[in-house]
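In the numbering used here, the protein residues as written are 2 to 138.
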Amino acid sequence: MSAAQDSIGVVVLEPNKQLLDKICVFAQKVWGQHEVLPRQTGKELTLAAENLNVGVVVVRASFQRSSALIQNTLLNMYAAGTQILIIQDTPFRVSETTWASFAGLHFLSDKATDEQLNDLLTMSLVRHCMPQFNKLI
């Protein structure tokens, strides 16, 4: 594979079509000119990871843990510099009222408001476009 990969803004990995569409609409509003790529399976995520330079992956916590393929692909993407936004839909949330961010890993409750999703996607765009801010955020 050539060293020059196509760049893409957001990959949304979500098996529920209705939720996938909603997250993609929000991501498109925030990331604008950056493409938003909907994915419904781990195999599709793996192909995106192999062929694209991704800014952020949005994934539901329970789906993220659903297969070794998804877990390994996300780990490899994170190691390559991709930010991971985990929508927490299990009882073990970092917070139910606000989002949290640690070194490119972002956690958002499934009970979060649309504004919180928008804010977190905006911060991930800033971190993607201006990596020098990663030390400050």
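Each residue gets a CB set at the ideal place from its N, CA and C atoms; glycine is no exception.
As the structure is a prediction and not an experimental result, all values here were calculated from the model.
### Task
In the DSSP assignment, find the unbroken alpha helix (DSSP H) run with residue 43 in it and report its ends.
From DSSP, the alpha helix (DSSP H) with residue 43 extends over 43–52.
### Message
So, for residue 110: in the same chain, excluding its five sequence neighbours on each side, which residues have a beta-carbon less than 6 Å away from its beta-carbon?
### Response
Contacts found: 89, 94 and 97.
### Query
Does the ligand MG have a heavy atom nearer than 8 Å to the CB of residue 13?
Questions concerning the ligand MG fall outside what the structure shown contains, since it holds no ligand whatsoever.
### Message
Going by DSSP in three states, residue 132 sits in which element: helix, strand or coil?
### Response
The answer is helix: DSSP assigns residue 132 an H, G or I state.
#### Entry: When 70, 20 and 31 are compared against residue 61, the one with the closest alpha-carbon
Nearest C-alpha to residue 61: 20.
### Message
Can you check which of these residues, 63, 46 and 24, is closest to residue 91 by C-alpha distance?
### Response
The shortest C-alpha separation from residue 91 is found at 63.
### Query
Based on the DSSP output, what are the partners of residue 84 in its beta bridges?
Note: residue 84 sits in a beta bridge opposite 57.
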